[in-house]
Structure formats: structure tokens, C-alpha cells
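Q: Residue numbers (my numbering): -4 to 457. We put the beta carbon where it would ideally sit given N, CA and C, even for glycine.
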Amino acid sequence: MTIFLPFKKLTYFTIQPSTMGYIQPLNRLKKFFHNLGFWRSSLIFAALFLSIILLTKIAIAQQPVTLNLLMTAPDADPWRQGLVKDFESKHPGIRINIIEGPNATNLIEDLYTSAFILGDSPYDLVNMDVIWTSKFAAAGWLLDLTDRITPKELTAFSAKDVEGGTYQGKLYRIPLRSDAGMLYYREDLLQQAGLKPPETFEQLMNYSKVLQRNDKARWGYIWQGRQYEGLVAMFLEVLEGFGGYWVNPQTLEVGLDRPETLRAIAFLQNTVKQGVSPPGVTTYQEEETRRIFQSGQAVFLRSWPYVWPLANQPNSKINGKIGIKPMVHAPGQSSAATLGGWGLGIAKTTRHPEEAWKAIQYFSSREAQKQFILKAGYVPSRRELFTDPQIVAKYPHFPQLLEVVDSAVLRPPIAQYAQASDILQRYLSGALTGRMAPENAMKSAADETRRLLRAGQARKSA
Ligand code: GLC
């Protein structure tokens, strides 16, 4: 049976016997449109069609916008439970999708890098280690944020954190979390032995041996020795503590083949040779070292301030038993801390730059940072929070931390940072694991770094 609808030429079709039940209503519809006349019914159809499109568009527009944000695994939980929950309850139109990556910062950097290189990156916000800004900005992967925040507003943040988010005079990253390498020690064990916290490398070794001999702890000193970015951050503190340097950011001079570098390597090798550090230390990242220290097996630990709240949890073996201080150094030198830290940038490819900026504004606000710090114990990027009474009541070491953050040293803010770090990681790990003689390793590391920096200079002036 054939039915005619108003669009005469196109709208007839044949009804199968099985669909006969629909014939009645369709016939009524047909009659209705027949009575209306061709043009009027066409207009009604067009209006209906447009309304459907409009409603669909409104429905899509009301769907929350999702911002994707990749971060290291240990950071993901504190973020989800703190910042993200609070932000979403205040901004129902925006969802933050935290993507949990590996632990090592350089692996997260690789994931971001390959996503940006392939184009069409899934990330909207970029959670950036302080050492990535130059590379990401030089490659054109980030939106310039300079005009979104006034210089006055920026003065609330630590100047070095802001510097770490700047490339060629433009701002690409808003600091959220500062960081600085510190020395943790077992206050209880030192006190019982009548010892003060060590100031020099030698004291650190001697005190470790005394406490190990007396069976107070299995290990003396724990540090991050795996071939990854954390090795570089840890090594720079030892290197500078011996008066050495890696790359001078102003002159781009390389100091890796100087005698201080060899002294720094010898110190680290001796910690293992003399049984102060476990042989496995050359495979450890931050989390492995924290677990050993937190289980009460070591006297000293070099790490970042995130360890403090975890080590002081009620179920931790060393709860209430630890102190924190700037790193030890050679006599006549001073303590050095590597400046770490994380901040947020916006991916150039995002379709939601305004929502991403709203999220950054909230995450870096005084209120959000304060809550986050109280919950997770991270180091604030806003200076006033270091001395906030509520925060100091919970973390009495914060005012001292501010001094360390202020004197902490940025790793060279150069666009080729990842390659320079990779060279140092490879040769340093070769020397520390006994695969290469330290002198040869550092000679090669220095030469390769010089070649890399020269190539970078040549590209710049071309
Ligand atoms: C911490 C620091 C970061 C550093 C990393 C090395 O996350 O904040 O700056 O690169 O440790 O493992």
C-alpha cells in the first residue's frame, strides 16, 4: 500500500503488511497535512527541523566541558580528593579528568611531548615540572599567559617559581607548587646518640656509621640513584655542596669535567662502598627511598618536602621522630637545594582555553592552595602561605622551608634541557654503577653537553 506525505515527489513509500498497525495514524497525518496545504505544511516541517537542531545544540552546550590533565601517579590522588573536587563543586560546567601517568617526571614529559608532536593532543591543561617551560614554550605547544595576569598579581608567588614559568620574557606556566631538595634525619636517633644534625658530608657519613654499628638503623643515607631526572636533581645538590656546577645559565659554560664533579661522584660511590647506602640505591626513585626511610630503616634521606606529611602519618613508623634541614656540604661551602616545582600551562591545541584558565585561576588561588597544602603537605607557590598560622601549626618546618626555597637553584632554563639532563643521567649512572670510570664518564658528558649547547646557540643565531 502506498502513502503520500506532503513532499510529493520524495515522501511516498510502501507499507509492508507487518507495519499495517501504523496506517491509521499515518493516514490521519496525511489528511492533516493535506488540509493544511503544501506550503504551510512544508513550513511547519522546516520549523520542526530547525527546533530539533537548536535543542540538540543547547543540550550539547549544557554538557560539562572536560579538561584533561596528565600528572605523575603519586600526585593524582591528592589532586582528585582536594583541588578537583572543590573546583568542580564551584564550577558545575567544567569537569577535570585527571590522567594518572608514571612516577618519573621525565616519563610524563615524554608523554606530553609525543602527544604534542603528533598534533591533536588530548591534553587541555599541562601540569609542568619547572624544567619543561623553555622546551615546551620554544616548541610552540603552550598558550602565552602573559596578558592574563598582572605583574602585581605575580608578586604573590615566589620569584624563582615565576622565573621557572617564563621563556623569553613571556609567561607560560602559573606556579602551583614549589619544591626544594632537603635532608631528612631521625631526630630521635641523633638525640639518643648525643649528635646534632650533620652539616658536612663527612659528618653525615660518620653519624650514619655510628648509628648503624649500634644497630639503631640498617642504613645510614638513602638517595635517588636511578637513571632519571631525580638523579640529576639530587646530584646537583651534592655537586654544588662541593663547590661545583653543571651548566652556568648565563655563560653556558659546562663544569662537569672539573675536579669538584669527581669529588661529588666519589662521595656518592663511597656511601655504597662503605655500606652507608644500600647497593640498590642506584635503582631508586623518590618513592622507593621514602618507603625505606618511612619504615624506620634509615637515618638520613635526601628528598622533597612531600615526604613530611606521609612520614608523619599516624601509622608511620617514624611519626614524630624526624627533622628536616638543608642538605649537607663540604667544609667552607654552603648547602645547596635544587629548585623543583609544578605549575599549570594551557595546551595550544585545547578547544577550551577559557575554561582551562578558570581552572588555573582557581587552583593557584590562595584559598585552594591553602586547603591543598593542609591536606597534602605540598610546598606552596604563594609566599604568604609559608607563614600562615594554620599551616605553620600543622607544618612547623615551613618558615625554614621558605628560606631553602628562596636559595634553591633552578636547573638551567634552556630549551635543550631534556637533552642536557639525559646526557648527565646516562654518564652519571654509568659512573655510579661502576660501568664507566668517573673521569672518562664526566669528560664525555662535558663534551656532549658543550656540543649540544653550541648547536643550540648556532640554531638561535641562524
Ligand atoms: C620533584 C620536583 C621536580 C623534579 C622531580 C625529580 O617532583 O618537584 O621539579 O624534577 O622531583 O624527580
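#1: Should W218 be counted as a contact of the ligand GLC given a C-beta to heavy atom distance under 7 Å?
#2: Consider the C-beta atom of A228 and the heavy atoms of the ligand GLC; say whether any pair is separated by less than 7 Å.
#3: Would V271 pass as a contact of K204 if the rule is Cβ separation under 8 Å?
#4: Measure from the alpha carbon of S129 to the alpha carbon of each residue in Y162, F111, I103 and S109, then state which is nearest.
#5: Between which two residues does the alpha helix (DSSP H) harbouring W303 extend?
#6: Take N314 and list the residues in its own chain whose beta-carbon comes closer than 6 Å to its own, dropping the five residues that flank it on each side.
#7: Please determine whether the Cβ atom of E281 lies at a distance below 7 Å from any heavy atom of the ligand GLC.
#8: Any chance the CB of I287 is under 7 Å from a heavy atom of the ligand GLC?
#9: Using the C-alpha atoms, what's the distance from V249 back to N243?
#10: Contact defined as beta carbons within less than 8 Å: I believe G372 pairs with W299. What is the distance between those atoms, to the nearest angstrom?
#11: Using C-beta distances below 6 Å, list every residue in its chain close to A132, excluding the 5 sequence neighbours before and after it, in chain order.
#12: From D156 to E235, what does the alpha carbon distance come to, in whole angstroms?
#13: Using the rule of at least 16 other Cβ atoms within 10 Å of the residue's Cβ for burial, across every protein chain shown, is L120 buried or exposed?
#14: For E95, list the residues DSSP reports as bridge partners.
#15: Tell me the residue span of the beta strand (DSSP E) that contains W214.
#16: Taking the alpha helix (DSSP H) that I368 belongs to, which residues open and close that run?
#17: Considering only residues of the segment 295 to 359, which uninterrupted beta strand (DSSP E) runs meet the minimum length of 3 residues and lie entirely inside it, listed in chain order?
#18: Per the contact definition of three or more C-beta pairs closer than 8 Å, is the segment 273 to 293 in contact with the segment 343 to 358?
#19: Which residue marks the beginning of the beta strand (DSSP E) containing R172, and which one marks its end?
#20: For A436, which of helix, strand or coil comes out of DSSP?
#21: Cβ-heavy atom distance between G96 and the ligand COA below 7 Å?
#22: CA-CA distance, L49 and S37?
#23: Is the segment 384 to 397 in contact with the segment 192 to 211, if contact means three or more CB pairs nearer than 8 Å?
#24: Do V400 and S153 count as a contact pair if the criterion is CB distance below 8 Å?
#25: State the beta-bridge partners of F139 as determined by DSSP.
#26: Just to confirm my understanding: we take Y301, look at its own chain, exclude 5 residues before and 5 after, and list those with CB closer than 7 Å. What are they?
#27: What does the Cβ neighbour count give for E443, buried or exposed, with the cut at 16 atoms within 10 Å?
#28: Measure the beta-carbon distance from Y179 to F288 and round it to whole angstroms, keeping in mind my assumption that it falls under 8 Å.
#29: Given that a residue counts as buried once 16 or more other Cβ atoms are within 10 Å of its Cβ, and exposed if not, what is E104?
#30: Taking 7 Å as the cut-off, is the CB of D174 close to at least one heavy atom of the ligand GLC?
#31: What's the call for R446, buried or exposed, on a 16-neighbour Cβ count within 10 Å?
#32: Within 8 Å, do at least three Cβ pairs link the segment 258 to 268 to the segment 347 to 365?
#33: How about V157: is its Cβ closer than 7 Å to a heavy atom in the ligand GLC?
#34: From E182 to P193, what does the alpha carbon distance come to, in whole angstroms?
#35: Looking at the structure shown, is Y279 part of a helix, part of a strand, or coil, going by DSSP?
#36: Nearest CA to the CA of I91: which residue from Y107, A71 and L62?
A: Result, derived from the coordinates:
#1: no
#2: For A228, the distance from the CB to the nearest heavy atom of the ligand GLC is below 7 Å.
#3: Result yes, Cβ atoms of V271 and K204 sit closer than 8 Å.
#4: Y162
#5: V302 to A306
#6: N307
#7: yes
#8: no
#9: 7 Å
#10: Contact flag wrong, Cβ pair sits at about 11 Å.
#11: Y162 and Y167
#12: 20 Å
#13: A buried status is given to L120, since no fewer than 16 other beta-carbon atoms sit within 10 Å of its beta-carbon.
#14: Its beta-bridge partners are M66.
#15: W214 to I217
#16: R361 to A371
#17: 317 to 320 and 334 to 341
#18: Look at the beta carbons and you see the segment 343 to 358 not touching the segment 273 to 293: under three pairs across the two are nearer than 8 Å.
#19: Looking at the DSSP string, the run of the beta strand (DSSP E) that includes R172 is I169 to A175.
#20: helix
#21: Questions concerning the ligand COA fall outside what the structure shown contains, since the ligands it does hold are the ligand GLC.
#22: 18 Å
#23: no
#24: In contact: S153 and V400 (Cβ atoms closer than 8 Å).
#25: In the sequence on display, residue 139 carries Asp and not Phe. None, per the DSSP bridge assignment.
#26: Once the five neighbours on either side are set aside, the close Cβ partners of Y301 are G372 and Y373.
#27: Looking at its Cβ environment, which holds 16 or more other Cβ atoms inside 10 Å, E443 is buried.
#28: 6 Å
#29: buried
#30: Relative to the ligand GLC, D174 has its C-beta within less than 7 Å of a heavy atom.
#31: By the beta-carbon neighbour count (other beta carbons within 10 angstroms, threshold 16), R446 is exposed.
#32: Result no; under three Cβ-Cβ pairs closer than 8 Å.
#33: no
#34: If you take the alpha carbons of E182 and P193, they lie about 11 Å apart.
#35: The answer is coil: DSSP assigns Y279 none of H, G, I, E or B.
#36: Comparing Cα positions, the closest option is L62.
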